[in-house]
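First up is the structure itself, then whatever we jot down about it.
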Amino acid sequence: MTWQASVVTLFPEMFPGPLGQSLAGKGLRKGRWAIDAFDIRGFATDRHRTVDDTPFGGGAGMVMRPDVVDAALAAAIAAGPERPALYLTPRGRVLDQAMVRDFVAGPGLILLCGRYEGVDQRVVEARGLLEVSIGDYVLSGGEPAALVLLDACVRLLPGVMGAAESGVEESHADGLLEYPHYTRPADWQGRAVPPVLLSGHHAEVAKWRRAEAERITRERRPDLWARHAGRDRAPSAPCV
Ligand code: 6GU
Numbered sequence: 006m007t008w009q010a011s012v013v014t015l016f017p018e019m020f021p022g023p024l025g026q027s028l029a030g031k032g033l034r035k036g037r038w039a040i041d042a043f044d045i046r047g048f049a050t051d052r053h054r055t056v057d058d059t060p061f062g063g064g065a066g067m068v069m070r071p072d073v074v075d076a077a078l079a080a081a082i083a084a085g086p087e088r089p090a091l092y093l094t095p096r097g098r099v100l101d102q103a104m105v106r107d108f109v110a111g112p113g114l115i116l117l118c119g120r121y122e123g124v125d126q127r128v129v130e131a132r133g134l135l136e137v138s139i140g141d142y143v144l145s146g147g148e149p150a151a152l153v154l155l156d157a158c159v160r161l162l163p164g165v166m167g168a169a170e171s172g173v174e175e176s177h178a179d180g181l182l183e184y185p186h187y188t189r190p191a192d193w194q195g196r197a198v199p200p201v202l203l204s205g206h207h208a209e210v211a212k213w214r215r216a217e218a219e220r221i222t223r224e225r226r227p228d229l230w231a232r233h234a235g236r237d238r239a240p241s242a243p244c245v
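When we follow this note's numbering, the leftmost residue of the sequence shown carries the number 6, and every step to the right adds one.
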C-alpha cells in the first residue's frame with residue numbers, strides 16, 4: 006500500500022520540494038509513498054480568488070476563510086483513504102518521534118498549511134483537525150513544517166531508508182539521543198578515536214555507546230532523560 010500525503014496549501018509548488026531528492030525522492034519514484042498538493046486558491050469563489058479576510062474583533066493580519074479552506078480540505082479528503090487530518094500551527098502539539106511512528110502506521114496524512122495569522126478556528130473544529138507544531142519558534146507558514154513532518158514520516162516507511170539505518174539505533178528511537186560516531190583516520194589532527202571502538206570487543210563497544218547515549222541525553226536534554234528514566238514505571242497521576 007502506498008502511504009499517501011495530501012497537502013492543502015496556498016503554495017502547492019513547494020511540494021514535494023526537498024522530498025523529491027535523496028532517499029525520500031527514490032521512495033516517491035518507487036511508489037512507497039505519494040504526495041498531492043491542493044491549491045487553496047483554486048477553491049475561492051469570487052473573481053478576485055479571495056482566500057482570507059480581516060479578523061473579527063480587530064487586530065493585525067489576515068485570517069484564512071473557513072468556507073474556502075473547507076472546500077480544499079474536502080477535495081484532499083476525497084483523494085485518498087480515510088486519514089488523520091493535521092493543521093500545522095505553532096499553537097499545536099509539539100511533534101515527537103512517537104507521533105511520527107503513529108502517523109507512519111496509518112494509510113497517510115492530510116496536512117493543512119496555514120499562512121497569515123492562521124485559519125478560522127471553526128474549520129479546525131468542524132473537520133476535527135489535529136493541531137501540530139514542529140517546535141517552539143515561529144515560521145512564516147505551515148509549509149516548511151509539513152515538509153519536516155513528512156520527512157520524518159517517509160524515512161520510516163518500509164523500503165525508503167537504506168539497509169544501514171534500520172531506524173532502531175538512531176536518536177530518539179529508544180528515547181535517548183544517539184552516541185557519537187567516528188571513522189578513519191584513527192588519529193586526526195592529534196585527536197584519537199575512543200580506544201574501545203578499535204578494540205574489537207563488541208560487547209564493550211555496545212556498553213560504551215549506551216553509556217555515552219545516556220550521558221549526552223542527561224547533559225543536553227534533562228527533559229528527555231526524565232521521561233526515559235520514568236518510562237518503565239506506571240504513571241502516578243493520569244497524563245493529560
Ligand atoms: Cl506547524 N507553523 C508555523 N507557522 N510555525 C511553526 C510551526 C508550524 N511549528 C513551529 N513553528
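Even for Gly, the Cβ is constructed at its ideal location relative to N, Cα and C.
Assigned exposure category for residue i - 16 Cβ within 10 Å defines buried
{"i": "Y18", "result": "It is worth fixing the name first, because residue 18 is Glu in this sequence and not Tyr. Per the 10 Å Cβ criterion, exposed."}
{"i": "A169", "result": "Confidence in A169 is poor, its pLDDT being 49 and thus under 50, which makes the residue's placement too unreliable to answer from."}
{"i": "Y187", "result": "exposed"}
{"i": "D72", "result": "exposed"}
{"i": "T14", "result": "buried"}
{"i": "D192", "result": "exposed"}
{"i": "R160", "result": "buried"}
{"i": "I115", "result": "buried"}
{"i": "D228", "result": "exposed"}
{"i": "P21", "result": "buried"}
{"i": "V137", "result": "buried"}
For residue i, the nearest candidate out of the options (CA to CA)
{"i": "G113", "options": "D192, V12, G146 and A231", "result": "V12"}
{"i": "G164", "options": "R37, Q26 and R215", "result": "R37"}
{"i": "E122", "options": "F20, R225, R34 and V56", "result": "V56"}
{"i": "T59", "options": "M69, F48, H53 and V159", "result": "M69"}
{"i": "W8", "options": "Q126, L229 and A29", "result": "A29"}
{"i": "C118", "options": "E87, A103, A81 and G25", "result": "A81"}
{"i": "T50", "options": "V99, R34, P86 and A76", "result": "A76"}
{"i": "P23", "options": "V210, L152 and R225", "result": "L152"}
{"i": "C158", "options": "H233, L100, R225 and A234", "result": "L100"}
{"i": "V128", "options": "W230, A90, L155 and G111", "result": "A90"}
{"i": "V124", "options": "A79, L154, G32 and V74", "result": "V74"}
Residue-chain proximity (residue i, chain D), Cβ-Cβ < 8 Å
{"i": "K31", "result": "In summary, chain D is missing from the structure at hand, where a single protein chain is found."}
Cβ shell of residue i (< 7 Å), same chain only, five flanking positions each side left out
{"i": "A84", "result": "S11 and D41"}
{"i": "A218", "result": "L181, L182, E183 and Y184"}
{"i": "A150", "result": "L93, I139 and L144"}
{"i": "H177", "result": "Q102"}
8 Å CB neighbourhood of residue i in its chain, flanking five on each side removed
{"i": "G167", "result": "L28"}
{"i": "A236", "result": "The question names Ala, yet the displayed sequence has Arg at residue 236. The answer, listed in chain order, is G180."}
{"i": "L135", "result": "P89, A90, L91, Y92, G97 and R98"}
{"i": "K31", "result": "V165"}
Contacting residues, own chain, Cβ-Cβ under 6 Å from residue i (five flanking each side not counted)
{"i": "F16", "result": "E148"}
Q.
Under 8 Å: do the stretch 41-57 and the stretch 104-114 share three or more Cβ pairs, one atom per stretch?
A. Verdict: no, contact absent.
Q: Report yes or no: do the stretch 55-64 and the stretch 194-203 share at least 3 C-beta pairs separated by less than 8 Å?
A: No contact exists between the stretch 55-64 and the stretch 194-203.
Q: Evaluate the contact criterion for the stretch 90-100 versus the stretch 131-143: three or more CB pairs, one atom per stretch, below 8 Å.
A: In short, these stretches touch, since the Cβ pair count reaches three.
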